[in-house]
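J.:
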Amino acid sequence: MTDQPKKRGGLMKVFKDVVYGMASHEMTRHAIRTRASMEHLFILITMGDLLGVPILPPYYSLRLLPYVTPQIAGWKRRMLRERDLTDVLG
Amino acid sequence: MSLRQVFESEPDRRYVMFGGKGGLGKTTLSATSAFWLASHGKRVLLFSVDPQASLSDIFQRDIFGKGPVPIMENLWAQEVDADRRIREYQEEIRKKILDMYGFDKVPEEIDNYIAAASAEPAMEESAIFDAVVDIIVQGDYDYYIYDLVPLGHALYYLSMAKVYDEWINKITKLRQDMRQYDQVAATMRREEKMQEDQILGELTYIKDRINASSRILTDRKRTAFFFVVVPEEMIILDTQKAAALFAKFDVPLSGYIVNRVLPPDLGQGKIPPYLRNRIAMQQKYMAQIQATFGDEVRAYVPEMERDVTGLPMIERLAQRLFVDGGAVS
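Chains as they are written, first to last, in this note's numbering: chain A, 1 to 90; chain B, 91 to 419.
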């Protein structure tokens with residue numbers, strides 16, 4: 001009896017998660033993926049020099065460098081990796 | 091209207107610039123104007139945006155990279171040391187990375203990028219541009235007199251404000267769009283708090299600085315831009331072209347100053363043919379200047395008997411420029 005409300009809460013949570021999974025999960029995933037692509041575009045625009053793409057103006061992009069430092073490695077991998085048919089299919 | 095009348099009738103024009111081709115006397119005229127204003131009780135900062143500044147030469151003392159140096163009562167002069175500024179800036183970025191992530195040393199790749207950035211061709215100009223923003227936003231002086239770089243560079247410098255402005259607006263917009271996607275994801279996941287976007291904060295900071303600077307450069311009420319010319323054909327033609335280009339960047343052109351005018355009594359008596367030809371040539375171009383620039387000429391400055399360096403000589407030129415000879419009716 002005592003753990004009845006907890007169980008109901010648990011059921012409610014499962015129900016919410018299922019609804020979220022059916023209705024919004026895909027949209028959330030899409031939003032996050034789009035956001036990630038934009039992040040890479042943003043770094044390309046501000047830090048393109050790192051790949052040899054000349055970018056204006058370096059003085060102010062340096063100000064942003066500390067904030068994107070952890071993402072630089074992943075971004076370079078994504079920008080410079082070879083692409084093949086599976087990319088298109090994926 | 092003479093240069094003196096411009097200063098007297100438009101006291102709100104606190105940002106004064108002298109532009110023109112190299113070697114025509116921009117530094118001399120900016121120093122002379124600064125001297126005259128300072129000796130009339132105005133607090134004046136004269137500063138150079140030229141990496142090869144010559145204020146140290148005209149005041150005959152080393153002021154390079156020393157901040158605003160007092161020259162006389164009410165007058166300070168400053169030459170920006172762009173290299174040092176870049177070095178300090180790079181160090182600041184490195185320190186920020188170390189502090190933010192608790193690294194012992196900056197990752198090699200990132201460090202190489204920071205080091206290589208200083209070799210960028212635009213880096214020095216950008217550093218000076220940024221230093222000038224610092225100088226003018228402080229606002230402690232009645233007058234800020236810019237001793238500009240020669241024309242091509244000056245145009246680059248002025249256009250930089252515009253280019254930066256467009257660049258920063260675009261990436262700020264992109265960053266704001268990214269923020270919206272963050273918001274969508276957060277709402278759907280029912281997250282109440284979103285992390286603050288520090289990059290957006292930095293972009294806003296940069297944007298405010300650039301806007302402050304480009305507002306001043308194009309503000310008709312607060313800024314006066316004078317072209318320095320000498321009576322020579324190529325200089326007159328180049329100045330006309332430059333004036334049209336400057337107008338495109340909305341620089342408020344306040345008139346022309348004609349420098350190196352030979353004293354009229356020089357042609358009296360028996361003189362060698364070489365000198366007579368030079369005088370005749372100058373008279374021809376003086377007429378051309380009057381026809382081209384007309385009543386926009388603010389002063390005719392005589393060729394002095396020796397180069398203008400040191401305060402006593404600057405004072406003599408100020409007397410000529412603002413009190414007797416330079417006045418234009």
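We treat Cβ as the ideally placed atom computed from N, Cα and C, and that holds for glycine.
From the beta carbon of Ile306 (chain B), is the nearest beta carbon of chain A less than 7 Å away?
T.: no
J.: Counting contacts by CB-CB distance shorter than 7 Å, is Ile90 (chain B) in contact with chain A?
T.: No answer is possible for residue 90 (chain B): the residues shown for chain B start at 91 and end at 419.
J.: Quick check on Ile45 (chain A) - is its C-beta less than 7 Å from some C-beta in chain B?
T.: yes
J.: I think Ala172 (chain B) touches Pro141 (chain B), with their Cβ atoms under 8 Å apart; what is that distance to the nearest whole Å?
T.: 6 Å
J.: What first and last residue would you give for the alpha helix (DSSP H) that runs through Leu65 (chain A)?
T.: DSSP places Leu65 (chain A) inside the alpha helix (DSSP H), whose first and last residues are 58 to 68.
J.: Identify, in the order they occur along the chain, each residue of the same chain with its Cβ nearer than 6 Å to the Cβ of Ala314 (chain B), setting aside the five sequence neighbours on each side.
T.: Arg103, Val106, Ser344
J.: Drop a sphere of 10 angstroms on the beta-carbon of Asp224 (chain B), count the other beta-carbons inside from all chains shown, and report buried for 16 or more, exposed for fewer.
T.: exposed
J.: Leaving out five residues on either side along the sequence, give the residues of the same chain with a beta carbon under 6 Å from the beta carbon of Asp255 (chain B).
T.: So the qualifying residues of the chain are Ile300, Ser304.
J.: If you run the structure through DSSP and keep just helix, strand and coil, what is Gln288 (chain B)?
T.: helix
J.: What residue from B:Gly357, B:Pro363, B:Phe317, B:Ala212 has the CA that sits closest to Gln373 (chain B)'s CA?
T.: Closest in alpha carbon position to Gln373 (chain B), among B:Gly357, B:Pro363, B:Phe317, B:Ala212, is B:Gly357.
J.: Do we get a CB-CB distance below 7 Å when we pair Arg91 (chain A) with the residues of chain B?
T.: Outside the displayed range of chain A (1 to 90) lies residue 91 (chain A), so it cannot be described from this structure.
J.: Closest by CA to Tyr59 (chain A), which one among B:Met268, B:Asn349, B:Ala221, B:Leu352?
T.: If we check each option's Cα against that of Tyr59 (chain A), B:Ala221 comes out closest.
J.: Name the residues in the stretch 24 to 37 of chain A whose C-beta lies less than 7 Å from a C-beta of chain B; which are they?
T.: Listed by position along the chain: Ser24, Met27, Thr28, Ala31, Ile32, Thr34, Arg35.
J.: With DSSP collapsed to three states, give me the class of Leu365 (chain B).
T.: helix
J.: Does the count of Cβ pairs from the stretch 31 to 45 of chain A and the stretch 188 to 206 of chain B closer than 8 Å reach three?
T.: no
J.: Please list the segments of the alpha helix (DSSP H) lying wholly inside the stretch 126 to 171 of chain B, counting only runs of 4 or more residues, in order along the chain.
T.: 145 to 148
J.: With respect to the beta strand (DSSP E) encompassing Thr313 (chain B), which residues constitute its N-terminal and C-terminal limits?
T.: 313 to 319
J.: For Asp201 (chain B), name the three-state secondary structure that DSSP assigns.
T.: helix
J.: Would you please verify whether the beta carbon of Ser303 (chain B) is less than 7 Å from any beta carbon of chain A?
T.: The beta-carbon of Ser303 (chain B) is placed no less than 7 Å from the nearest beta-carbon of chain A.
J.: Who are the Cβ neighbours of Met1 (chain A) in its own chain at under 8 Å, not counting the five residues just before and after it?
T.: At Met1 (chain A), the pLDDT of 48 sits below 50, so the modelled position is not reliable and the matter cannot be decided from this model.
J.: Would you call the stretch 274 to 281 of chain B and the stretch 161 to 175 of chain B in contact, with 3 or more CB pairs under 8 Å?
T.: no
J.: Go through its chain and collect everything with a Cβ distance to Gln258 (chain B)'s Cβ below 8 Å, but skip five positions before and after it.
T.: Before going further, note that residue 258 (chain B) is Ile rather than Gln in the sequence given. Here the set comprises Leu293, Ile296, Lys297, Ile300.
J.: I need the boundaries of the alpha helix (DSSP H) containing Pro101 (chain B), first residue and last residue.
T.: First-last for Pro101 (chain B): undefined, no H or E at that position.
J.: Can you tell me whether DSSP reads Leu50 (chain A) as helix, strand or coil?
T.: helix
J.: Could you run through the stretch 258 to 292 of chain B and flag, in chain order, every residue whose CB is less than 7 Å away from some CB of chain A?
T.: Ile261, Leu264, Arg265, Asp267, Met268, Tyr271, Asp272, Val274, Ala275, Met278, Arg279, Gln288, Ile289, Glu292
J.: Please check if any C-beta of chain B sits within less than 7 Å of the C-beta of Leu50 (chain A).
T.: So, interface residue.
J.: For Ala217 (chain B), is the classification buried or exposed, using 16 other Cβ atoms within 10 angstroms of its Cβ as the cut-off for buried?
T.: buried
J.: How should Phe125 (chain B) be labelled, buried or exposed, when 16 other C-beta atoms within 10 angstroms of its C-beta is the threshold for buried?
T.: That one is buried.
J.: How is the beta strand (DSSP E) around Leu411 (chain B) delimited, first residue to last?
T.: Where Leu411 (chain B) is concerned, there is no enclosing beta strand (DSSP E), given that its DSSP letter is neither H nor E.
J.: Report, in whole angstroms, the separation of the C-beta atoms of Asn367 (chain B) and Val320 (chain B), which I expect to be a contact under 8 Å.
T.: With 8 Å as the limit, Asn367 (chain B) and Val320 (chain B) do not qualify as a contact, their Cβ atoms being about 17 Å apart.
J.: Pick out whichever of B:Asp340, B:Thr262, B:Leu135, B:Ser144 has its Cα sitting closest to the Cα of Leu307 (chain B).
T.: B:Asp340
J.: Which same chain residues end up closer than 8 Å to Thr262 (chain B) when comparing Cβ atoms and leaving out the 5 residues on each side of it in sequence?
T.: In the same chain as Thr262 (chain B), and ignoring 5 residues on each side of it, the C-beta atoms closer than 8 Å to its own belong to Leu290, Leu293, Thr294, Lys297, in chain order.
J.: Please classify Phe15 (chain A) as buried or exposed, where buried requires at least 16 other C-beta atoms within 10 Å of its C-beta.
T.: exposed
J.: Using 8 Å as the Cβ pair cut-off and three pairs as the minimum, do the stretch 144 to 154 of chain B and the stretch 187 to 195 of chain B touch?
T.: no
J.: Can you confirm whether Phe42 (chain A), when its beta carbon is compared against all beta carbons of chain E, has any partner nearer than 7 Å?
T.: The structure shown has no chain E; the protein chains it does contain are A and B.
J.: By the DSSP assignment, the beta strand (DSSP E) with Gly74 (chain A) in it spans what residues?
T.: No beta strand (DSSP E) holds Gly74 (chain A); the alpha helix (DSSP H) holding it covers 72 to 80.
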